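Visitor: Structure provided below as structure tokens; questions to follow.
Number of protein chains: 2
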Amino acid sequence: MSSPLVVQKFGGSSVANAERMQRVARRIKRERDSGSRLVVVVSAMGDTTDELLALAAAITDEPDPRELDMLLATGEHQSATLVSMALHGLGVPAISLTGAQAGITTDGTYGRARIAGVEPSRIQHELDQGKVVIVAGFQGLSVAAPGHAETTTLGRGGSDTTAVALAAGLKADRCQIFTDVKGIYTADPRVVPAARQLPLIGYEEMLEMAHQGAQVMQVRAVELGWVNNVVIEVLSSFEDAPGTLITEDPHVEQRNKVRGLAHDRNVAKLTLVAVPDSPGVAARVFEPLAEAGINVDIIVQNVGHHGATDLSFTTPRVELARAKRILEPIARELGFRELTTDASVAKVSIIGAGIQNAPGYAARMFRALADAGVNIEMISTSEIRITAMIAEDQLPVALNALHAAFQLEQPEAIDSAAG
Amino acid sequence: MSSPLVVQKFGGSSVANAERMQRVARRIKRERDSGSRLVVVVSAMGDTTDELLALAAAITDEPDPRELDMLLATGEHQSATLVSMALHGLGVPAISLTGAQAGITTDGTYGRARIAGVEPSRIQHELDQGKVVIVAGFQGLSVAAPGHAETTTLGRGGSDTTAVALAAGLKADRCQIFTDVKGIYTADPRVVPAARQLPLIGYEEMLEMAHQGAQVMQVRAVELGWVNNVVIEVLSSFEDAPGTLITEDPHVEQRNKVRGLAHDRNVAKLTLVAVPDSPGVAARVFEPLAEAGINVDIIVQNVGHHGATDLSFTTPRVELARAKRILEPIARELGFRELTTDASVAKVSIIGAGIQNAPGYAARMFRALADAGVNIEMISTSEIRITAMIAEDQLPVALNALHAAFQLEQPEAIDSAAG
Numbered sequence: 019m020s021s022p023l024v025v026q027k028f029g030g031s032s033v034a035n036a037e038r039m040q041r042v043a044r045r046i047k048r049e050r051d052s053g054s055r056l057v058v059v060v061s062a063m064g065d066t067t068d069e070l071l072a073l074a075a076a077i078t079d080e081p082d083p084r085e086l087d088m089l090l091a092t093g094e095h096q097s098a099t100l101v102s103m104a105l106h107g108l109g110v111p112a113i114s115l116t117g118a119q120a121g122i123t124t125d126g127t128y129g130r131a132r133i134a135g136v137e138p139s140r141i142q143h144e145l146d147q148g149k150v151v152i153v154a155g156f157q158g159l160s161v162a163a164p165g166h167a168e169t170t171t172l173g174r175g176g177s178d179t180t181a182v183a184l185a186a187g188l189k190a191d192r193c194q195i196f197t198d199v200k201g202i203y204t205a206d207p208r209v210v211p212a213a214r215q216l217p218l219i220g221y222e223e224m225l226e227m228a229h230q231g232a233q234v235m236q237v238r239a240v241e242l243g244w245v246n247n248v249v250i251e252v253l254s255s256f257e258d259a260p261g262t263l264i265t266e267d268p269h270v271e272q273r274n275k276v277r278g279l280a281h282d283r284n285v286a287k288l289t290l291v292a293v294p295d296s297p298g299v300a301a302r303v304f305e306p307l308a309e310a311g312i313n314v315d316i317i318v319q320n321v322g323h324h325g326a327t328d329l330s331f332t333t334p335r336v337e338l339a340r341a342k343r344i345l346e347p348i349a350r351e352l353g354f355r356e357l358t359t360d361a362s363v364a365k366v367s368i369i370g371a372g373i374q375n376a377p378g379y380a381a382r383m384f385r386a387l388a389d390a391g392v393n394i395e396m397i398s399t400s401e402i403r404i405t406a407m408i409a410e411d412q413l414p415v416a417l418n419a420l421h422a423a424f425q426l427e428q429p430e431a432i433d434s435a436a437g
Numbered sequence: 019m020s021s022p023l024v025v026q027k028f029g030g031s032s033v034a035n036a037e038r039m040q041r042v043a044r045r046i047k048r049e050r051d052s053g054s055r056l057v058v059v060v061s062a063m064g065d066t067t068d069e070l071l072a073l074a075a076a077i078t079d080e081p082d083p084r085e086l087d088m089l090l091a092t093g094e095h096q097s098a099t100l101v102s103m104a105l106h107g108l109g110v111p112a113i114s115l116t117g118a119q120a121g122i123t124t125d126g127t128y129g130r131a132r133i134a135g136v137e138p139s140r141i142q143h144e145l146d147q148g149k150v151v152i153v154a155g156f157q158g159l160s161v162a163a164p165g166h167a168e169t170t171t172l173g174r175g176g177s178d179t180t181a182v183a184l185a186a187g188l189k190a191d192r193c194q195i196f197t198d199v200k201g202i203y204t205a206d207p208r209v210v211p212a213a214r215q216l217p218l219i220g221y222e223e224m225l226e227m228a229h230q231g232a233q234v235m236q237v238r239a240v241e242l243g244w245v246n247n248v249v250i251e252v253l254s255s256f257e258d259a260p261g262t263l264i265t266e267d268p269h270v271e272q273r274n275k276v277r278g279l280a281h282d283r284n285v286a287k288l289t290l291v292a293v294p295d296s297p298g299v300a301a302r303v304f305e306p307l308a309e310a311g312i313n314v315d316i317i318v319q320n321v322g323h324h325g326a327t328d329l330s331f332t333t334p335r336v337e338l339a340r341a342k343r344i345l346e347p348i349a350r351e352l353g354f355r356e357l358t359t360d361a362s363v364a365k366v367s368i369i370g371a372g373i374q375n376a377p378g379y380a381a382r383m384f385r386a387l388a389d390a391g392v393n394i395e396m397i398s399t400s401e402i403r404i405t406a407m408i409a410e411d412q413l414p415v416a417l418n419a420l421h422a423a424f425q426l427e428q429p430e431a432i433d434s435a436a437g
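Structure, rendered in structure tokens:
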């Protein structure tokens with residue numbers, strides 16, 4: 019029987035300086051001493067990526083995407099070599115590999131490349147030599163142009179994706195994401211004191227949590243885990259405590275209740291006032307935004323009066339200025355009266371498999387918010403989520419009210435009755 | 019007739035920050051606008067390499083050489099991408115390549131790899147696309163272990179070597195080394211106010227200058243230029259002025275005089291007092307030093323009295339502590355009485371092709387030093403050089419005295435009479 023293969027991922031704050039890298043190295047050594055073979059994915063140290071972005075911004079307003087990817091990838095090269103050195107310092111044989119050396123191939127989309135495949139022969143070779151393999155996260159090699167291998171990056175948080183892809187490609191026994199929180203919570207514990215750590219969460223629920231602002235795991239990493247059936251454990255790199263398993267939830271049908279709350283402050287609301295209520299208007303509003311790569315989330319169109327209607331929608335707050343620049347020039351063409359914006363809004367979501375199938379959740383949510391004096395500006399729903407957009411300054415009140423209303427502080431029993 | 023191909027190299031101080039990179043980009047653009055095709059080699063920004071070394075030192079006392087090379091190579095990746103971005107900002111098509119992408123292969127000696135070859139097809143392809151090619155200096159790809167391509171570095175100043183190797187491999191029309199001095203001087207102008215810039219210097223003389231402490235060009239880059247007959251121009255990246263050509267000196271036979279002075283403070287003197295004057299002693303002293311990779315330069319053995327002799331030699335000052343640690347334990351075995359050391363010494367050299375063939379140089383050198391009140395502790399000579407070891411605090415006096423004695427401030431006429 020061969021020893022278990024474990025993929026571990028340590029984020030930027032876990033490797034922010036020499037002392038923390040040495041702590042990471044000691045943790046890796048402990049796992050290895052317990053008999054595991056180890057592949058470790060690391061992010062860039064602390065704020066390295068932001069510093070490199072600032073450097074590029076000081077050089078030019080629009081950095082070339084290929085050059086930017088090559089620049090950013092160096093951050094993970096550095097941390098990978100340093101963690102490897104720290105392991106050598108503890109007498110643990112180790113070797114660092116770039117994404118390319120680790121056999122991670124991607125498409126050619128710089129800045130947010132998608133992993134095309136994992137060719138693990140080099141990793142396997144190093145594991146067979148008894149080495150811990152440290153892989154630079156967040157990056158891969160595009161062979162889109164034949165003969166011209168190029169470094170690509172996977173987008174923010176891409177190291178999670180690297181770890182899950184390697185766990186899938188290597189058929190690892192475990193995939194552990196070490197982070198600065200202890201796991202996945204029913205709500206952000208910094209805002210909701212009663213928030214409780216979940217021992218387990220389903221892929222789908224985790225995806226909605228991540229989509230709706232819970233920043234613990236990158237959405238694509240969860241998707242990749244789901245597709246490849248990789249059980250992901252999220253746990254703290256600073257303390258020894260059990261984390262949260264992200265996995266196929268066997269009890270999802272019986273559970274059938276709200277599992278957690280998510281919130282997102284990175285949101286802004288735009289309203290086109292008095293848009294002519296004629297066919298094709300919505301397309302002409304949203305097409306140029308899509309072409310500019312601006313995500314539009316909740317869309318609400320009020321009932322029209324006298325042939326005109328108000329069209330409201332949300333974008334990420336960081337895209338607000340760009341969205342305005344795109345829409346204002348076409349105001350005359352589209353015939354709307356004015357464009358109003360509000361950047362002091364936030365989204366709050368309740369999430370749980372089966373919410374949509376069981377009535378009463380929406381009503382309970384709106385009642386809880388109303389009782390707390392929170393006004394709802396927009397609403398959107400999915401299969402397993404209900405989201406309300408509210409004023410940002412009411413977010414703490416709203417989250418705590420919802421957490422209490424759905425009794426999320428109570429350890430979950432598997433209940434077959436809808437809440 | 020195709021446009022001329024120029025290789026330019028910019029050192030760390032020339033690309034130390036965003037503003038300097040933009041200046042470098044403007045200079046590159048000017049050369050390109052004049053009709054040249056360009057390959058540009060860059061070093062890491064400012065003190066990046068030292069900062070990365072410090073980071074590694076904070077992690078472990080003895081960083082693994084492979085990991086260290088991968089770490090250090092990131093410095094040049096970063097500056098190459100940023101210079102490329104700066105060119106894009108000026109509307110100049112450009113692409114950065116790592117040493118590996120540029121086709122630079124090396125042996126497997128981490129930390130001071132030697133270039134094995136240049137396979138320029140990728141560079142050629144990018145040049146054919148009309149792009150300026152920015153190459154990360156100081157590095158290459160070792161394929162010593164088949165299938166396991168590894169990043170290597172060429173040692174301090176290796177970017178000079180990268181530039182000369184590319185100029186040779188691409189059969190470039192010019193190879194320009196931009197630096198923070200205007201060219202090669204008859205002596206260090208910071209110490210000798212009368213020092214004069216040389217318009218031209220032969221490879222052999224330049225090699226001796228570099229060996230003896232002139233830090234403008236890396237020794238290996240000069241050797242490589244010599245072997246491949248690459249004419250190297252050293253010039254300032256901060257002002258527009260003609261530099262110094264390093265080339266086969268057609269007038270070397272007629273010139274036949276002192277071309278310049280070099281000095282080196284990175285030197286220490288060790289003396290084994292009262293060594294038994296028996297065969298094999300010197301070998302037993304120098305073998306362990308050689309095994310430890312410590313260079314020994316000048317060696318002087320005094321005439322022995324009563325079967326014992328004093329053996330003095332020099333090492334780089336930074337190696338003094340290590341040399342002592344190696345020799346002290348074998349004092350008893352070798353039978354010497356004590357080991358004395360002196361770290362406050364320096365070397366001063368006069369350099370010129372043909373010095374050895376023409377008598378009188380040594381006498382004039384020693385007379386000039388004596389007249390200036392400088393005591394000579396050790397002497398060594400080569401074909402084209404005479405070196406004296408003196409007290410470090412007398413270095414300025416010695417250099418200025420020699421500069422005057424050999425009339426180095428006077429523009430050189432080609433003279434067939436020895437000085």
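In order, the protein sequence lines correspond to chains V and A.
For any residue, its number in our numbering is found by taking its place in the first sequence, counting from 1, and adding 18.
For any residue, its number in our numbering is found by taking its place in the second sequence, counting from 1, and adding 18.
For glycine and all other residues, C-beta sits at the position ideal for the given N, C-alpha and C.
Computed from a predicted structure; not experimentally measured.
Quick one: is Thr358 of chain V buried, meaning 16 or more other Cβ sit within 10 Å of its Cβ, or exposed?
Guide: It is exposed - the Cβ of Thr358 of chain V has fewer than 16 other Cβ atoms within 10 Å.
Visitor: Give the straight-line distance between the Cα atoms of Gly370 of chain A and Thr204 of chain A, rounded to the nearest whole angstrom.
Guide: If you take the alpha carbons of Gly370 of chain A and Thr204 of chain A, they lie about 11 Å apart.
Visitor: For the segment 93 to 107 of chain A, enumerate the residues whose C-beta is nearer than 7 Å to any C-beta of chain V, in chain order.
Guide: Listed by position along the chain: His95, Gln96, Thr99, Leu100, Ser102, Met103, Ala104, His106 and Gly107.
Visitor: Identify each residue in the segment 124 to 139 of chain V for which the Cβ-Cβ distance to at least one residue of chain A is less than 8 Å, and report them in chain order.
Guide: Listed by position along the chain: nothing, the set is empty.
Visitor: Whose C-beta lies closer than 8 Å to the C-beta of Gln230 of chain A among residues of the same chain, with five residues either side of it excluded?
Guide: Counting only Cβ-Cβ distances below 8 Å, and skipping sequence neighbours, we find Ala280, His281, Asp282, Lys365, Ser367, Ile369, Arg403 and Thr405.
Visitor: Listing by chain order, which chain A residues have their CB less than 7 Å from the CB of Glu85 of chain V?
Guide: Result: Thr99, Ser102, Met103 and Ser114.
Visitor: So what does Thr327 of chain V bridge to, in DSSP terms?
Guide: For Thr327 of chain V, which the question treats as bridged, DSSP gives the partners V:Val293.
Visitor: For the beta strand (DSSP E) containing Val469 of chain A, list its first residue and its last residue.
Guide: Any answer about residue 469 of chain A is impossible in this case: the structure gives chain A only from 19 up to 437.
Visitor: Does Ala91 of chain V get closer than 9 Å to chain A when you measure Cβ to Cβ?
Guide: For Ala91 of chain V, the answer is yes, since a Cβ of chain A falls inside 9 Å of its Cβ.
Visitor: Tell me whether the beta-carbon of Met407 of chain A lies closer than 9 Å to the beta-carbon of Lys287 of chain A.
Guide: Closer than 9 Å, so yes.
Visitor: Between which two residues does the alpha helix (DSSP H) harbouring Phe384 of chain V extend?
Guide: Note, Phe384 of chain V: alpha helix (DSSP H), Tyr379 to Asp389.
Visitor: Which whole-angstrom value describes the C-beta separation of Val293 of chain V and Thr327 of chain V, a residue pair presumed to lie in contact below a C-beta threshold of 8 Å?
Guide: Yes, they are in contact, since the Cβ atoms of Val293 of chain V and Thr327 of chain V sit about 5 Å apart, within 8 Å.
Visitor: Does the segment 128 to 140 of chain V come within contact of the segment 174 to 188 of chain V, defined as at least 3 CB pairs closer than 8 Å?
Guide: Verdict: yes, contact present.
Visitor: For chain A, find out if any of its Cβ atoms is closer than 9 Å to the Cβ of Thr359 of chain V; answer yes or no.
Guide: Output row for Thr359 of chain V: interface = no.
Visitor: Go through the segment 144 to 201 of chain V residue by residue and report every complete run of the alpha helix (DSSP H) that reaches 4 residues or more, in order.
Guide: Counting whole runs of 4 or more residues, the segment 144 to 201 of chain V contains the alpha helix (DSSP H) stretches 176 to 187.
Visitor: Give me the residue from V:Pro217, V:Pro297, V:Ala386 and V:Pro268 with the minimum Cα distance to Gly261 of chain V.
Guide: Selected option, being the one with the closest Cα: V:Pro217.
Visitor: Under 9 Å between C-beta atoms, does Gln157 of chain V make it to chain A?
Guide: Closer than 9 Å: no.
Visitor: I'd like to confirm the pairing. Which residues does DSSP put opposite Tyr203 of chain V in its beta bridges?
Guide: According to DSSP, which records beta bridges pairwise, Tyr203 of chain V is partnered with V:Gln215.
Visitor: Whole-angstrom Cβ separation of Leu242 of chain A and Glu251 of chain A, contact assumed at under 8 Å?
Guide: So it is not a contact: roughly 15 Å between Cβ atoms.
Visitor: Would you say Ala423 of chain A reaches chain V, if we count a Cβ-Cβ gap shorter than 9 Å as a contact?
Guide: It does not; no Cβ of chain V falls within 9 Å.
Visitor: Output the boundary residues of the beta strand (DSSP E) element that contains Asp360 of chain A.
Guide: Glu356 to Asp360 is the span of the beta strand (DSSP E), which, as asked, contains Asp360 of chain A.
Visitor: Val234 of chain V and Val199 of chain V - do their beta-carbons sit closer together than 9 Å?
Guide: Yes. Within cutoff.
Visitor: Kindly indicate which three-state DSSP category Ser61 of chain A falls into: helix, strand or coil?
Guide: In this structure, Ser61 of chain A counts as coil in the three-state DSSP scheme.
Visitor: For Asp295 of chain V, which residues from the same chain have a beta carbon less than 7 Å from its beta carbon, with the 5 sequence-adjacent residues on both sides left out?
Guide: Cβ within range, chain order: Gly322, Gly325, Ala326 and Thr327.
Visitor: Kindly list the residues whose CB is nearer than 8 Å to the CB of Phe28 of chain V, restricted to its own chain and excluding five residues on each side of it in sequence; keep chain order.
Guide: So the qualifying residues of the chain are Val42, Val58, Val59, Val60, Ser61, Val101, Phe196 and Ser255.
Visitor: Any idea which residues DSSP pairs Phe28 of chain A with across the strands?
Guide: In DSSP, Phe28 of chain A forms a bridge with A:Val60 and A:Phe196.
Visitor: For a contact defined as C-beta to C-beta under 9 Å, what are the partners of Thr170 of chain A on chain V?
Guide: Ordered by position in chain V, no residue passes the 9 Å Cβ test against Thr170 of chain A, which lies about 13 Å from the chain.
Visitor: What residue ranges within the segment 227 to 308 of chain A form continuous alpha helix (DSSP H) runs of no fewer than 4 residues, ordered along the chain?
Guide: Correct list: 237 to 246 and 270 to 273.
Visitor: At which residues does the alpha helix (DSSP H) containing Ala76 of chain V begin and terminate?
Guide: Counting along the chain, the alpha helix (DSSP H) containing Ala76 of chain V begins and ends at Thr66 to Ile77.
Visitor: When the distance is taken between beta carbons, is Asp87 of chain V closer than 9 Å to Gly15 of chain V?
Guide: This structure does not reach residue 15 of chain V, given that chain V is present from 19 up to 437, and the question cannot be answered.
Visitor: Given this structure, state the Cα-to-Cα distance separating Gly437 of chain V from Glu226 of chain V, to the nearest angstrom.
Guide: Only weak support exists for where Gly437 of chain V lies, its pLDDT of 34 falling under 50; the value from the coordinates is given anyway. Taking the straight line joining both Cα atoms gives about 20 Å.
Visitor: Return the CA-CA distance between Arg192 of chain V and Glu346 of chain A, expressed in angstroms with no decimal places.
Guide: Each residue's Cα considered, the two are about 53 Å apart.
Visitor: Report back the beta-carbon spacing between Gln157 of chain V and Glu94 of chain V to the nearest angstrom; my notes put them in contact at under 8 Å.
Guide: Their Cβ separation, rounded to whole angstroms, is 6 Å, which keeps Gln157 of chain V and Glu94 of chain V in contact under 8 Å.
Visitor: Pro111 of chain V: which of A:Glu85, A:Leu108, A:Ala91 and A:Thr124 sits nearest, CA to CA?
Guide: The residue with the shortest Cα to Cα distance from Pro111 of chain V is A:Glu85.
Visitor: Assuming Leu188 of chain A and Val25 of chain A make a contact with CB atoms under 8 Å, what is their CB distance in whole Å?
Guide: Between Val25 of chain A and Leu188 of chain A the Cβ distance is about 7 Å, and since that is below 8 Å, they are a contact.
Visitor: Based on the DSSP output, what are the partners of Thr333 of chain V in its beta bridges?
Guide: The partner list for Thr333 of chain V (beta bridge, DSSP) reads V:Ala286.
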